[in-house]
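From first to last, the protein sequence lines are chains A and B. Offset between the first sequence (1-based) and the working numbering: plus 9. Offset between the second sequence (1-based) and the working numbering: plus 1163. Built from N, CA and C at the ideal position, the CB exists for glycine as well. Notes for the one structure printed next.
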Amino acid sequence: MTTGSTERIPPALRTEALEQLLTERGLIDPDTMDRIITTYETNVGPLNGAKVVARAWTDPEYRRWLLDDGTAAIRELGYVGRQAEHIVVVENTATTHNVVVCTLCSCYPWSVLGLPPSWYKDPAYRARMVREPRRVLSEMGLDLADDVRITVHDSSSEVRWLVLPERPAGTEGLTAEQLVPLVTRDAMVGVAKVKAP
Amino acid sequence: MDGIADMGGTEGWGPAHPPRGDEPVFEEAWQGRAFALTLLSEGASGYNVDAFRHALERLDRTAYLDDGYYGRWLNAAELMLTDTAILAPDAIDARARNLRGERVEEPPIPEPARPGHAPAAEGSLRTVDAAPAFATGERVRAKDMSPPGHTRLAGYVRGHTGVVALIQPAAVLPDTNAHFLGENPQYVYSVRFDSRELWGADAEPFTLTVELFESYLEEPA
């Protein structure tokens, strides 16, 4: 990016070049790189958050704890790591809707949701969610009734926000294990609702 | 600083994109490698997360936007490594050209100059002796200031008045930590704003909360 040339070098090639430069000087270990990539591709993802939500839906005491001290209640299930020092959980209901954004970068609760999806990092989402959330949600496929109160949470510090979605009607007979696959990443950020199977 | 990264409320980005259920974590293999390389470059250069975010916000519009999120990370990694003279400014591009068969001379390896920076503890949370300056329910105003360096005081709330919704744990102040000028830990407040306070009488009705460090806040006039 700093050469005098006007031709841009593709990022894939620049990434390969950087990896070579740092590896040949012993500044990074390729095995460590591979471990980081594997961790976020396979181990740390929205399934963690879905288990938290399903537990809260089926265990009233856990739900109260989660809403009162999200950090501790999530740690109890073993989800720790980067981007999870302090987590606040907010509950969506039929009349209140929470949605999370990071306008300054793309802060996101990695330990429970994994790395952020492309729509969360998109400039349109970052710029507009704090200005016209009802319209943005509608563009993303979620039309909220006029009497639903919207609260937008802009994550501008190390505090991370997780949405506890509303449990859908018709799932009263399901166990926590059966509920887990219904809970989507999008619902835990607040751009969708959880649907009954 | 007032740069491309401070996007809240800005216009001209087009519609939001509906979520895709089948999106892979990394759409292309290089993105995963750029992600891991950036995390490791932060450590190799002796930087911290705030200095990394400041590297991101110092990128020009092209470097910030054109190759997406992980392209932005790669460019910030390059900035952290050239800032600290671990890499020469043209080292990555020269190696990339050689990788595709050009024969260009690579710049010599400079003498690294990492910041002499050691965190007081892991992570960003700290304990402070003082009591919080503001109470839950108290009206507070986000200062109308435009610091030249790193800040997490988003432009769209500056000068506006809200109410303290939650007092969050004290944390390292990004504004000084990003520049290795000390951790300066202080309370963080989730401040609640009415949309009409931020965007005028015709705004969509909604509530917004945003985390603001104690030194970003003042009593309303």
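Members of the region 1285-1302 of chain B that neighbour chain A once the beta carbon cut-off is set at 8 angstroms: Cβ proximity to chain A below 8 angstroms picks out Gly1286, Ser1287 and Leu1288 from the region 1285-1302 of chain B.
Considering only residues of the same chain and omitting the five flanking positions on each side of Tyr1233(B), which have a CB-CB separation below 7 angstroms? Gln1194, Ala1197 and Phe1198
Counted within 10 angstroms of its Cβ, other Cβ atoms place Asp195(A) as buried (16 or more) or exposed: buried
Exposure label - Ser1309(B); buried when at least 16 CB within 10 Å: Exposed is the call here.
Going by C-alpha distance, which of Gly199(A), Met42(A), Lys204(A) and Val203(A) is nearest Val108(A)? Answer by Cα proximity: Gly199(A).
Given a limit of 9 angstroms on CB to CB distance, which residues of the region 1321-1337 of chain B reach chain A? Leu1329, Gln1331, Pro1332, Ala1334, Val1335 and Pro1337
Please list the partners that Gln29(A) has in chain B, where partner means a Cβ-to-Cβ separation under 9 angstroms. Arg1258 and Leu1262
Hey, Val1327(B) and Gly1286(B): beta-carbon distance below 8 angstroms or not? no
Beta-carbon neighbours of Tyr88(A), restricted to chain B and to distances below 9 angstroms: By Cβ distance, chain B contributes nothing, its closest Cβ being about 16 angstroms from Tyr88(A), past 9 angstroms.
Is the beta carbon of Ala93(A) closer than 8 angstroms to that of Pro125(A)? no
Please classify Met10(A) as buried or exposed, where buried requires at least 16 neighbouring CB atoms within 10 angstroms. The predicted model places Met10(A) with a pLDDT of 46, which falls under 50 and marks its position as unreliable; any figure quoted below should be read in that light. Label assigned to Met10(A): buried.
Using 8 angstroms as the cut-off, can you tell me whether the region 1273-1291 of chain B makes contact with the region 1247-1257 of chain B, which would need three or more C-beta pairs spanning the two stretches below that distance? yes
For the region 116-128 of chain A, which residues have a CB atom closer than 7 angstroms to at least one CB atom of chain B, in sequence order? For the region 116-128 of chain A, which is checked against every Cβ of chain B, the residues closer than 7 angstroms are Gly123, Leu124, Pro126, Ser127 and Trp128.
So the candidates are Trp1362(B), Glu1265(B) and Arg1302(B); which of them puts its Cα closest to the Cα of Pro1383(B)? Answer by Cα proximity: Arg1302(B).
Cα separation between Asp131(A) and Ala1179(B)? 8 angstroms
Which of the three DSSP states, helix, strand or coil, is assigned to Phe1198(B)? helix
Nearest-angstrom Cα separation, counted from Thr112(A) out to Pro69(A): 33 angstroms
Any beta carbon from chain B within less than 8 angstroms of Pro190(A)'s own beta carbon? Judged by the 8 angstroms Cβ criterion, Pro190(A) is not in contact with chain B.
First through last residue of the alpha helix (DSSP H) which encompasses Ile1255(B): From DSSP, the alpha helix (DSSP H) with Ile1255(B) extends over Ala1254 to Leu1262.
Please report the residue range of the alpha helix (DSSP H) in which Ala136(A) lies. Pro132 to Arg137
Span separating the alpha-carbon of Val203(A) from that of Leu36(A): 45 angstroms
Nearest-angstrom Cα separation, counted from Thr24(A) out to Leu173(A): 37 angstroms
Hey, quick one: how far does the beta strand (DSSP E) through His95(A) stretch, first residue to last? Residue range His95 to Glu100 is occupied by the beta strand (DSSP E) that includes His95(A).
Could I get the ranges of all uninterrupted alpha helix (DSSP H) runs contained in the region 53-89 of chain A, with 4 residues as the minimum, in chain order? Counting only runs of 4 or more, we get 55-67, 69-77 and 79-85.
For Ala196(A), which three-state DSSP category applies? helix
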